[in-house]
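Residue numbers (the working numbering): 446 to 539.
The beta-carbon is built from N, C-alpha and C at its ideal position, and this holds for glycine as well.
On a predicted model such as this, the values are computed, not experimentally measured, just so you know.
Single-structure report; data block below.
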Amino acid sequence: MVKCLREERGQALFIMVLVLVGLLAMLGLAIDGGTVFLERRRMQNAADAAALAGTRLLAEAICGATGVITDGLIAEEVNLYAEINGVPGGNVVA
Numbered sequence: 446m447v448k449c450l451r452e453e454r455g456q457a458l459f460i461m462v463l464v465l466v467g468l469l470a471m472l473g474l475a476i477d478g479g480t481v482f483l484e485r486r487r488m489q490n491a492a493d494a495a496a497l498a499g500t501r502l503l504a505e506a507i508c509g510a511t512g513v514i515t516d517g518l519i520a521e522e523v524n525l526y527a528e529i530n531g532v533p534g535g536n537v538v539a
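If you want it as structure tokens, here you go:
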């Protein structure tokens with residue numbers, strides 16, 4: 446019986462290492478997943494702000510509140526608001 450116990454010595458350490466590696470992998474995935482969702486939300490907010498800016502300018506053009514507003518001016522306004530809110534490149538096709 447003593448021989449049987451000696452052969453299993455160190456098994457707990459091996460199991461703990463495997464569990465620790467699995468936990469660290471899950472922690473890494475949770476952090477990366479949270480970062481992805483945070484960035485997605487930030488980009489959605491930037492897109493919403495840019496769309497609202499373009500819509501506001503288009504509404505002003507339709508109501509005649511300001512002078513002549515072209516599609517190019519609306520696209521510039523959308524790109525400006527996209528860049529202000531952190532969208533890289535800011536090249537929006539309207």
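Straight-line Cα distance separating residue j from residue i
i           : j           : result
residue 507 : residue 471 : 53 Å
residue 489 : residue 525 : 16 Å
residue 527 : residue 460 : 51 Å
residue 499 : residue 473 : 39 Å
residue 467 : residue 497 : 45 Å
residue 469 : residue 516 : 51 Å
residue 482 : residue 475 : 11 Å
Residue i classed as buried or exposed, judged by whether at least 16 other C-beta atoms fall within 10 angstroms
i           : result
residue 523 : buried
residue 495 : buried
7 Å CB neighbourhood of residue i in its chain, flanking five on each side removed
i           : result
residue 487 : 531
8 Å CB neighbourhood of residue i in its chain, flanking five on each side removed
i           : result
residue 502 : 514, 518, 519, 522
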